[in-house]
Amino acid sequence: MRDRTVRIEENLRRVCYKIKKKGREILNDVEITPPQFEALQHLIYEDNLTIGELSSKMYLACSTVTDLLDRMERNDLVKRVKDESDRRIVRIFVLPKGHELLEKVMENRRNYVEQVISGLDEAVIDQIDSSFEIFNKIFEI
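Residue numbers (my numbering): 29 to 169.
Shown next, in the form of structure tokens:
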């Protein structure tokens with residue numbers, strides 16, 4: 029059992045590394061940094077986050093996230109807006125350019141994965157798909 033667990037962890041780590049490496053190459057093509065890409069993902073998928081919430085999700089200091097958002101705002105990716113019910117709270121909204129950029133990067137990443145698995149038999153692809161789905165559900169608990 030232990031040997032299999034070691035192989036599973038190692039294979040997952042290697043696949044994640046390779047996808048992350050390719051993802052960074054893709055980010056170079058669209059002139060966005062990995063932390064900016066991570067921030068965009070959180071902001072799009074979790075909507076209406078504050079700077080404090082985003083810094084918690086990214087495990088970064090608020091000052092670091094503020095600097096990150098300054099650059100993203102200058103590039104028209106996001107906009108900071110004071111909360112209407114409590115003006116002390118600042119929420120971050122993703123602008124159309126940010127949505128487009130995230131979608132372009134994700135599409136390129138999907139194309140990469142599709143290219144990698146294209147030579148595999150459909151049954152094997154289905155097996156990989158269902159295995160990752162099960163694995164993700166286990167980790168959500």
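The beta carbon of each residue, even a glycine, is placed where N, CA and C say it ideally should be.
Proximity of residue i and residue j at Cβ, strictly below 8 Å
| i | j | result |
| --- | --- | --- |
| L77 | I120 | yes |
| K125 | L105 | yes |
| I145 | I153 | yes |
| I72 | L123 | no |
| V133 | V58 | yes |
Straight-line gap, residue i to residue j (C-alpha atoms, nearest Å)
| i | j | result |
| --- | --- | --- |
| I36 | V43 | 11 Å |
| E53 | D157 | 25 Å |
| Y45 | S113 | 43 Å |
| K165 | S159 | 10 Å |
| G147 | R115 | 55 Å |
| I60 | K48 | 14 Å |
| D149 | E74 | 36 Å |
| E135 | V34 | 32 Å |
| D31 | A151 | 26 Å |
| M29 | N103 | 50 Å |
| E81 | I169 | 22 Å |
Same chain only: Cβ atoms within 8 Å of residue i, ignoring 5 sequence neighbours per side
| i | result |
| --- | --- |
| M86 | P63, E66, A67, H70 and V93 |
| V118 | T78, I79, R108, V109, K110 and D111 |
| S83 | A89, C90, T92 and V93 |
Proximal residues to residue i (C-beta, below 7 Å), its chain only, five neighbours per side dropped
| i | result |
| --- | --- |
| C101 | Looking at the sequence shown, residue 101 is not Cys but Glu. For E101, where only same-chain residues beyond five positions count, the Cβ hits under 7 Å are K107 and R108. |
| G51 | R137 |
| H127 | I72 |
Heavy atom of the ligand PLP within 7 Å of residue i beta-carbon
| i | result |
| --- | --- |
| S146 | This structure lacks the ligand PLP, and indeed carries no ligand of any kind. |
**Study point:** Every unbroken beta strand (DSSP E) within the region 58 to 145, with a cutoff of 3 residues, ordered by chain
**Key:** 106 to 110 and 118 to 122
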